[in-house]
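Read top to bottom, the protein sequences are chains A and B. Position 51 of the first sequence, counted from 1, bears residue number 70 in my numbering, the numbering being contiguous throughout. Position 138 of the second sequence, counted from 1, bears residue number 157 in my numbering, the numbering being contiguous throughout. One structure is given below, encoded as structure tokens.
There are 2 protein chains.
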Amino acid sequence: MQTSDLIKNWLEQLQASGYRVTEPRRAIVELVATADHALSPIEIYDSGRREYPRLGLVTVYRTLERLEELGLVQRVHSPDGCHRYLRAFEGHQHLLICTRCGRVEMFAGDDLDPLARRVEQATGYQVEEHWLQLFGVCPLCHA
Amino acid sequence: MQTSDLIKNWLEQLQASGYRVTEPRRAIVELVATADHALSPIEIYDSGRREYPRLGLVTVYRTLERLEELGLVQRVHSPDGCHRYLRAFEGHQHLLICTRCGRVEMFAGDDLDPLARRVEQATGYQVEEHWLQLFGVCPLCHA
DNA sequence: CTTGTATTGAAAATCATTTTCAATTAAAAT
DNA sequence: ATTTTAATTGAAAATGATTTTCAATACAAG
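Right, dumping it as structure tokens:
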């Protein structure tokens, strides 16, 4: 899919879910849908203001919330405790992070559901969320 | 190892690393070394004050920092973004954390290696480390 | 027992995030 | 096209977690 189509698609999904398509949302969607790395709310705010100067940080948070609801973005937990947001691909995705340059790759993780279910049975827990991250060195950093 | 020995051991390690053994630290170590679930700083503060009423929250944070340095506790990232601290165990363990009470179960390092190798081939990354946490509600918190 | 320094806790600062609320604006209804 | 109506917005203030500052305290070395 072309990036312009992706943006259009996200906006359509917002609308189809009963949300309005507004200028601030357009600016945020444009950034997040096309980003090649995970963005923090403040980064989105700063970049977004270049596109739409009246943008408020609160709107960034609220829009990310909506996009997460719709499964369009996924939250990334940084070791420092603050959150970043990444475009979600289909299905549940896990992260592979380069320990040298910080680049983030995603990979499919359906594999974990059987494990989660096995652990549920063994422990009696109701597993709600799982979080898997791999750390490694990306091909570019090998050189 | 007896819990009393564990506490003594932690305090000795603090001292051996050039840190002083103080009343506040004793109270904090007593709590964290013997806890059966991951504790948040504020929980440690509240419980710790029963043992040593003049305890300050700042000291809790600082002591946890020291204990983490020494590899005695490990930090656990909650989905809500705040941190909990857990006595570090030997070997590679994965965590299942109750999002209500912070109780932690451990399950054996069920082989993620095949997955890691598959991801390596797909991405060209050299995977060095993996980190898996499950979040859920424990049986006790269902009631 | 004295002394030097690590440690402490209260208060204030910082940082991420949420809430409140009056003004604005998208989109449905006319 | 214009009106209407409710969703949305952004500024400011509130919140919650964590960090910094700094003068007072207390551990442990001498």
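We put the CB at the ideal spot given by N, CA and C, even for glycine. Bear in mind the structure is a predicted one, so any value in this text is a computation, not a measurement.
Compare the C-beta of residue i against all C-beta atoms of chain B and say whether one is closer than 8 Å.
i	result
Glu-88/A	no
Val-146/A	yes
Pro-60/A	no
Leu-74/A	no
Gly-155/A	yes
Pro-158/A	yes
Leu-105/A	no
Using a 10 Å radius around the Cβ and a threshold of 16 neighbouring Cβ atoms, would you call residue i buried or exposed?
i	result
Ala-46/B	buried
Cys-157/B	buried
Val-138/B	buried
Glu-31/B	exposed
Gly-67/A	buried
His-96/B	buried
Gly-155/B	buried
Ala-54/B	buried
Leu-159/B	exposed
Please go through the same chain and pick out, in chain order, the residues whose beta-carbon is closer than 6 Å to the beta-carbon of residue i, but skip the five residues on each side of it.
i	result
Leu-76/A	Tyr-64
His-102/B	Arg-94
His-56/B	Gly-121, Arg-122 and Val-123
Leu-153/B	Leu-115
Thr-22/A	Thr-53
Glu-162/A	Note that residue 162/A corresponds to Ala in the displayed sequence, not to Glu. Correct list: empty, nothing qualifies.
So with Cβ pairs under 8 Å, would you call residue i a contact of chain A?
i	result
Trp-29/B	no
Ala-162/B	no
Thr-82/B	no
Cys-117/B	yes
Ala-57/B	no
Ala-141/B	yes
Asp-138/B	Strictly speaking, residue 138/B in this sequence is Val, with Asp absent from that position. Val-138/B counts as touching chain A.
Ala-13/B	Outside the displayed span of chain B (20 to 162) sits residue 13/B, for which this structure offers no information.
Glu-124/B	yes
Gln-152/B	yes
Contact defined as beta carbons within less than 8 Å: I believe residue i pairs with residue j. What is the distance between those atoms, to the nearest angstrom?
i	j	result
Val-40/A	Leu-33/A	6 Å
Ile-43/B	Tyr-71/B	Before going further, note that residue 43/B is Pro rather than Ile in the sequence given. Yes, they are in contact, since the Cβ atoms of Pro-43/B and Tyr-71/B sit about 6 Å apart, within 8 Å.
Ala-52/B	Leu-89/B	Incorrect: roughly 12 Å between the Cβ atoms, too far for contact.
Who are the near neighbours of residue i in its chain, counting only those whose CB is closer than 8 Å to its CB and skipping five residues on each side?
i	result
Pro-60/A	Leu-76, Val-79, Tyr-80, Leu-83, His-102 and Tyr-104
Val-92/A	Val-51, Leu-83, Leu-86, Tyr-104, Leu-105, Arg-106 and Ala-107
Met-20/B	Asn-28
Who are the Cβ neighbours of residue i in its own chain at under 7 Å, not counting the five residues just before and after it?
i	result
Ala-135/A	Val-146 and His-149
Val-48/A	Ile-26, Trp-29 and Leu-30
Glu-62/A	none
Phe-126/B	His-113 and Leu-115
Leu-74/B	Pro-43, Ala-46, Tyr-64, Gly-67 and Arg-68
Ser-36/A	Leu-89
Val-131/A	Here residue 131/A turns out to be Leu, not Val, going by the sequence shown. Closer than 7 Å at Cβ, skipping near neighbours: His-149 and Leu-151.
Tyr-38/B	Arg-85
Does the Cβ of residue i lie closer than 7 Å to at least one heavy atom of the ligand MG?
i	result
Gln-32/A	In the structure on display, the ligand MG does not appear, and there are no ligands present to speak of.
Could you tell me whether the segment 101-108 of chain B touches the segment 143-159 of chain B, where touching means 3 or more Cβ pairs closer than 8 Å?
-> Contact fails between the segment 101-108 of chain B and the segment 143-159 of chain B, because fewer than three Cβ pairs, one in each stretch, are under 8 Å apart.
Does the segment 135-143 of chain B come within contact of the segment 110-124 of chain B, defined as at least 3 CB pairs closer than 8 Å?
-> For the pair of segments examined, the segment 135-143 of chain B was found not to touch the segment 110-124 of chain B: the number of CB pairs separated by less than 8 Å stays below three.
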